[in-house]
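Chains as they are written, first to last, in this note's numbering: chain A, 3 to 411; chain B, 3 to 411.
All remarks here apply to the structure that follows.
Number of protein chains: 2
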Amino acid sequence: MRAEIITVGSEIILGSILNTNAQYLTRRLGEIGIEVLYHTSLRDNKEQLKHVIENGLKRVDLLIFTGGLGPTADDFTKEVVSETLGLRLYLDNNIKNSIKSYFDKTNKTMTSNNIKQAYIPEGSKPIKNDIGTAPGIFIEWQDKILVLLPGPPREMKLMFNKYVIPLIKQDYIIREATIKTIGIGESYLETILKDIINSRGNPSIATYASEGVVDIKVVAKGNNEEEVDLLLKETIEKIRNKIPENIYSYNNETIEEVVFKLLKEKNFKIAFAESCTGGLIASKFTKIPGVSEVFDRGIVTYSNVSKIEELNVRKSTIKKHGAVSKKVAMEMAKGLLEKSNVDIALSITGLAGPSTGSENKPVGLIFIGIATKEKLITIESRLSGDRESIQNKASLKAFNELRKFLINM
Amino acid sequence: MRAEIITVGSEIILGSILNTNAQYLTRRLGEIGIEVLYHTSLRDNKEQLKHVIENGLKRVDLLIFTGGLGPTADDFTKEVVSETLGLRLYLDNNIKNSIKSYFDKTNKTMTSNNIKQAYIPEGSKPIKNDIGTAPGIFIEWQDKILVLLPGPPREMKLMFNKYVIPLIKQDYIIREATIKTIGIGESYLETILKDIINSRGNPSIATYASEGVVDIKVVAKGNNEEEVDLLLKETIEKIRNKIPENIYSYNNETIEEVVFKLLKEKNFKIAFAESCTGGLIASKFTKIPGVSEVFDRGIVTYSNVSKIEELNVRKSTIKKHGAVSKKVAMEMAKGLLEKSNVDIALSITGLAGPSTGSENKPVGLIFIGIATKEKLITIESRLSGDRESIQNKASLKAFNELRKFLINM
Chain A
3 MRAEIITVGS EIILGSILNT NAQYLTRRLG EIGIEVLYHT SLRDNKEQLK HVIENGLKRV
63 DLLIFTGGLG PTADDFTKEV VSETLGLRLY LDNNIKNSIK SYFDKTNKTM TSNNIKQAYI
123 PEGSKPIKND IGTAPGIFIE WQDKILVLLP GPPREMKLMF NKYVIPLIKQ DYIIREATIK
183 TIGIGESYLE TILKDIINSR GNPSIATYAS EGVVDIKVVA KGNNEEEVDL LLKETIEKIR
243 NKIPENIYSY NNETIEEVVF KLLKEKNFKI AFAESCTGGL IASKFTKIPG VSEVFDRGIV
303 TYSNVSKIEE LNVRKSTIKK HGAVSKKVAM EMAKGLLEKS NVDIALSITG LAGPSTGSEN
363 KPVGLIFIGI ATKEKLITIE SRLSGDRESI QNKASLKAFN ELRKFLINM
Chain B
3 MRAEIITVGS EIILGSILNT NAQYLTRRLG EIGIEVLYHT SLRDNKEQLK HVIENGLKRV
63 DLLIFTGGLG PTADDFTKEV VSETLGLRLY LDNNIKNSIK SYFDKTNKTM TSNNIKQAYI
123 PEGSKPIKND IGTAPGIFIE WQDKILVLLP GPPREMKLMF NKYVIPLIKQ DYIIREATIK
183 TIGIGESYLE TILKDIINSR GNPSIATYAS EGVVDIKVVA KGNNEEEVDL LLKETIEKIR
243 NKIPENIYSY NNETIEEVVF KLLKEKNFKI AFAESCTGGL IASKFTKIPG VSEVFDRGIV
303 TYSNVSKIEE LNVRKSTIKK HGAVSKKVAM EMAKGLLEKS NVDIALSITG LAGPSTGSEN
363 KPVGLIFIGI ATKEKLITIE SRLSGDRESI QNKASLKAFN ELRKFLINM
């Protein structure tokens with residue numbers, strides 16, 4: 003099956019935002035064996051949209067639209083698709099009720115233009131939107147498939163993975179596995195993986211780098227489950243043997259989720275003391291539902307006086323070694339452990355920039371401390387990038403050090 | 003002039019990289035008054051490229067290509083464009099010599115396929131590449147313009163700004179302004195803006211919603227700067243009069259940056275006490291460079307015991323009213339103000355979900371407390387969405403309440 007991804011909306015075409023939807027959908031489609039031939043982006047313009055639809059119907063089998071399903075007057079993807087295919091729109095009472103109950107639940111007033119979202123083309127299937135009001139639409143028309151998805155990436159992704167993939171899956175079997183790695187560069191990783199990639203390209207192996215971490219995606223194709231599972235298993239085993247230290251998950255978990263699971267296994271409570279990351283570590287950790295089982299508290303000691311008052315860091319230590327130092331990281335972790343009565347305490351101090359670095363303490367220098375009743379360790383690291391990038395890499399590094407510490411306990 | 007940006011190459015269409023070239027070119031073209039109607043991305047495939055060129059010639063006046071000008075066999079943008087337009091390629095000796103001298107200068111060996119880059123279509127202008135080997139191509143064909151640029155963003159940007167803009171500049175002026183709003187839904191906003199939007203189409207007004215906030219983009223066109231600036235000013239004034247309370251920035255700032263500026267103006271220090279947002283407020287705030295001028299500390303009191311120990315919340319208050327209550331939010335803010343000696347303290351407690359809601363305390367219920375030496379207020383709110391969305395909206399709400407509090411002081 004050959005696909006085109008059509009992004010409707012001015013945010014993309016005016017350059018306000020990057021087209022991450024097209025990238026995401028292309029990857030996911032590739033993983034289930036559907037080749038994407040074109041990306042097309044256009045404005046909220048009915049005539050142009052009609053032209054793009056007609057074009058797409060001529061050149062591909064599957065058209066996936068994102069955007070233009072909202073309640074406002076310049077949302078009309080559904081209307082123009084229906085018109086172009088010659089399908090009548092009718093009011094679906096189930097959708098109307100579910101939109102109404104969404105508004106009731108959130109104590110907002112439903113305006114009349116929200117009703118627009120409850121109309122769907124005849125012969126189409128509405129696709130549930132678990133976290134928003136705009137339903138998606140699945141249309142089989144002649145020998146073509148058209149899928150209409152909402153524009154907001156979170157809604158689009160959830161809907162696509164949960165409801166659309168089962169509808170467009172091919173008849174051979176595809177299984178994928180994601181191996182998540184940290185602390186290893188993408189180009190070095192590619193060199194390592196070269197031997198593993200076989201000449202047939204099955205399984206296919208691709209790497210996707212994002213700040214600080216690289217995902218390895220292995221996709222195996224075959225005629226039955228045993229064949230595919232064996233292929234995947236063998237390949238994962240080969241990769242594991244090459245980089246055992248750098249893999250933190252085989253189950254698509256974030257590194258903070260891995261830490262959460264390790265803490266739960268050990269029945270440990272944790273607390274964080276953050277300086278340069280400014281609450282990012284606590285914030286990432288508390289995105290995990292149920293984290294209160296293991297997370298007690300976090301202290302963002304941004305000023306020097308707060309480090310002293312909150313964590314019992316000695317004034318003299320800051321004076322002698324500076325706030326960004328191994329010693330201060332140690333005292334932060336120790337002070338936090340003592341005051342909060344948790345099983346394990348993590349501290350971090352560093353220079354996120356952009357200014358205030360010096361020759362022997364450059365921007366990107368960080369110190370991490372980990373304390374338990376039995377042990378106190380510190381890790382020094384130098385990170386690169388702008389302020390936000392350093393904060394993000396520092397938080398990943400902190401979780402990775404925690405992961406290694408907990409595994410080796 | 004109406005334009006289409008055509009991105010040729012597998013990196014984009016396989017999802018390996020984001021299409022930053024299309025975004026960059028769209029913004030730059032918009033700034034000089036050229037409207038981009040379409041982005042199209044496709045693989046290195048001759049037949050598909052030809053199809054895309056023919057399509058583009060039918061629907062726009064200016065086609066800008068990036069990618070496919072390199073020396074390898076799957077670089078053929080120039081060849082396919084020439085073939086489609088019926089133009090012969092000829093060897094340009096100047097280009098050949100400049101490629102040769104580039105190789106001499108960089109001590110690299112020139113391979114025979116680099117000569118391919120010295121061929122240009124008859125009647126076209128080569129465009130100089132100051133930092134690479136592939137020249138760009140400028141073609142005027144019938145009433146259309148086709149511009150071929152290299153794919154690497156650094157080469158593309160330099161070439162576009164230095165050599166292409168002078169060739170395609172329009173004689174009218176375009177200016178845009180962004181008005182950032184919070185606490186008002188997109189569809190309700192559209193109803194309010196209806197009179198202003200319907201007036202003439204110039205300036206154009208568009209709304210872009212992302213979780214919790216809506217941006218209003220105003221774009222004005224005219225013959226000279228005074229005319230355009232006046233149009234923008236008048237429109238912004240009209241919008242301001244309709245929703246004075248909801249606008250937090252005219253300068254593309256985030257709401258936390260606005261709060262940062264207000265605190266700096268008042269020479270105030272701030273501290274945060276977070277429960278349901280788990281450090282997100284502190285984390286967003288500390289993404290701002292130089293925030294240490296106003297930010298003292300943050301306390302993430304996730305467990306009940308930490309609320310008692312860190313913020314002096316009374317055990318009896320939690321027992322009587324629950325951790326998610328107006329009373330606890332008040333005591334958190336008050337306790338934080340007293341212990342940290344800041345000028346203003348913000349607290350937040352709520353239910354981010356996904357579970358543990360009840361009938362009178364549903365998921366999404368939050369309480370915000372703001373304390374100064376003179377004043378202590380609380381705000382109750384009900385938010386919708388999944389855990390992450392509630393946390394995000396809660397943090398925006400907290401910054402907005404701070405903004406309003408500081409403005410009305």
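Built from N, CA and C at the ideal position, the CB exists for glycine as well.
A quick note: this is a predicted structure, and the numbers were derived from the prediction, not measured.
For residue i, name the three-state secondary structure that DSSP assigns.
i        : result
A/LYS182 : strand
A/PRO155 : helix
B/ILE241 : helix
A/ASP63  : coil
B/LYS363 : coil
A/GLY58  : helix
A/GLY324 : coil
B/ASP145 : coil
A/LYS52  : helix
A/TYR304 : coil
A/ILE15  : helix
B/PHE162 : helix
A/ARG202 : coil
Using C-beta distances below 8 angstroms, list every residue in its chain close to residue i, excluding the 5 sequence neighbours before and after it, in chain order.
i        : result
A/ASP132 : LEU160, MET161 and LYS164
B/PHE262 : PHE287, ILE290, VAL293 and VAL296
A/ILE409 : LEU264
A/ILE310 : ARG316, LYS317 and ILE320
A/ASN21  : THR9, ILE14, HIS41 and SER43
B/GLU33  : ILE176
Less than 8 angstroms between the CB atoms is what I'm expecting for residue i and residue j, so what's the real figure, rounded?
i        : j        : result
A/ASP298 : A/SER342 : 6 angstroms
A/THR68  : A/GLY153 : 5 angstroms
A/THR374 : A/ASP345 : 6 angstroms
A/LYS399 : A/SER386 : 12 angstroms between Cβ atoms; not a contact.
A/TYR252 : A/ARG405 : The pair is not a contact, with the Cβ atoms about 14 angstroms apart (cut-off 8 angstroms).
A/ALA208 : A/GLU188 : Rounded, the Cβ-Cβ distance is 11 angstroms, inconsistent with contact.
B/LEU64  : B/MET3   : 5 angstroms
Within its chain, find whatever has a CB closer than 6 angstroms to the CB of residue i; leave out the 5 residues flanking it on each side and keep chain order.
i        : result
B/GLY300 : PHE274 and ALA284
A/GLU403 : ILE370 and ILE381
B/THR42  : ILE8 and VAL54
B/ASN394 : GLU213
B/GLY281 : VAL302
For residue i, which residues from the same chain have a beta carbon less than 7 angstroms from its beta carbon, with the 5 sequence-adjacent residues on both sides left out?
i        : result
A/LYS240 : ILE198
B/ASN306 : ILE320 and ALA325
A/GLY185 : ASN248 and ASN402
B/LEU1   : In this structure chain B extends from 3 to 411, so residue 1 of chain B is not present and cannot be described.
A/TYR104 : THR135
| message | Count Cβ pairs between the region 42-55 of chain B and the region 64-81 of chain B that sit closer than 8 angstroms; are there 3 or more? | response | Judged by Cβ distances under 8 angstroms, the region 42-55 of chain B makes contact with the region 64-81 of chain B, as three or more pairs qualify.
| For the 8 angstroms Cβ check, are there 3 or more pairs between the region 314-331 of chain A and the region 317-336 of chain B? | A contact between stretches requires three or more CB pairs, one per stretch, nearer than 8 angstroms, and the region 314-331 of chain A fails this requirement with the region 317-336 of chain B.
| query | With contact counted as at least three CB pairs below 8 angstroms, one residue from each stretch, are the region 22-37 of chain A and the region 8-25 of chain B in contact? | reply | Touching, yes.
| query | Touch check for the region 268-282 of chain B and the region 225-242 of chain B: three-plus C-beta pairs under 8 angstroms? | reply | Contact between the region 268-282 of chain B and the region 225-242 of chain B is absent, with fewer than three C-beta pairs closer than 8 angstroms.
| query | Should the region 169-181 of chain B be called in touch with the region 207-223 of chain B, which here means at least 3 C-beta pairs below 8 angstroms? | reply | By the C-beta criterion, the region 169-181 of chain B is judged to be in contact with the region 207-223 of chain B, since at least 3 inter-stretch pairs fall below 8 angstroms.
| query | Taking any Cβ of chain A, which residues in the region 347-361 of chain B have a Cβ under 7 angstroms from it, in chain order? | reply | Within the region 347-361 of chain B, the qualifying residues are PRO356.
| query | Using Cβ-Cβ distances below 7 angstroms, what residues of the region 369-392 of chain A are close to chain B? | reply | Result list: ARG389 and GLU390.
| Residues of the region 13-26 of chain A whose Cβ lies closer than 9 angstroms to any Cβ of chain B, in chain order | Those residues of the region 13-26 of chain A placed with their C-beta closer than 9 angstroms to a C-beta in chain B are GLU13, ILE14, ILE15, LEU16, GLY17, SER18, ILE19, LEU20, ASN21, THR22, ALA24, GLN25 and TYR26, ordered along the chain.
| field | Under 7 angstroms (Cβ pairs) to chain A, residues found in the region 202-215 of chain B | value | Residues of the region 202-215 of chain B whose Cβ lies closer than 7 angstroms to any Cβ of chain A, in chain order: ALA208 and TYR210.
| said: Counting beta carbon pairs with one atom in the region 92-107 of chain B and one in the region 117-124 of chain B, are three or more of them shorter than 8 angstroms? | reply: A contact exists between the region 117-124 of chain B and the region 92-107 of chain B.
| said: Can you pull out the residues from the region 298-323 of chain B whose beta carbon lies closer than 7 angstroms to at least one beta carbon of chain A? | reply: Residues passing the 7 angstroms Cβ filter: ASP298, ARG299, GLY300, ILE301, VAL302, THR303, TYR304, SER305, SER308 and GLU312.
| request: Could you run through the region 173-197 of chain B and flag, in chain order, every residue whose CB is less than 8 angstroms away from some CB of chain A? | output: Listed by position, the residues of the region 173-197 of chain B near chain A (Cβ gap below 8 angstroms) are GLY187, GLU188, SER189, TYR190, GLU192 and THR193.
| message | Any C-beta of chain B within less than 8 angstroms: which residues of the region 237-250 of chain A qualify? | response | Cβ contacts with chain B come from no residue of the region 237-250 of chain A.
| said: Please list, in chain order, the residues of the region 37-49 of chain B that have any C-beta partner in chain A closer than 9 angstroms. | reply: Taking 9 angstroms as the Cβ-Cβ cut-off against chain A, the residues of the region 37-49 of chain B that qualify are GLU37, VAL38, LEU39, TYR40, HIS41, THR42, SER43, LEU44, ARG45 and ASN47.
| task | Could you name the residues of the region 139-152 of chain A whose beta carbon sits closer than 9 angstroms to any beta carbon of chain B, in the order they occur along the chain? | result | Cβ proximity to chain B below 9 angstroms picks out nothing from the region 139-152 of chain A.
| In the region 82-113 of chain B, which residues sit with their C-beta less than 8 angstroms from some C-beta in chain A, listed in chain order? | Flagged: no residues at all.
| request: Check each residue of the region 268-283 of chain B: if its Cβ is closer than 7 angstroms to any Cβ of chain A, include it; give the result in chain order. | output: Within the region 268-283 of chain B, the residues whose Cβ lies closer than 7 angstroms to some Cβ of chain A are GLY280, GLY281 and LEU282, listed in chain order.
| request: Check each residue of the region 51-80 of chain A: if its Cβ is closer than 8 angstroms to any Cβ of chain B, include it; give the result in chain order. | output: For the region 51-80 of chain A, the set of positions with a beta-carbon nearer than 8 angstroms to some beta-carbon of chain B reads HIS53, VAL54, ASN57, ARG61, GLY72, PRO73, THR74, ALA75 and ASP76 in chain order.
| field | Residues, ordered as in the chain, of the region 115-138 of chain A that lie near chain B by beta-carbon distance below 9 angstroms | value | Cβ contacts with chain B: ASN115, ASN116, ASP132, ILE133 and GLY134.
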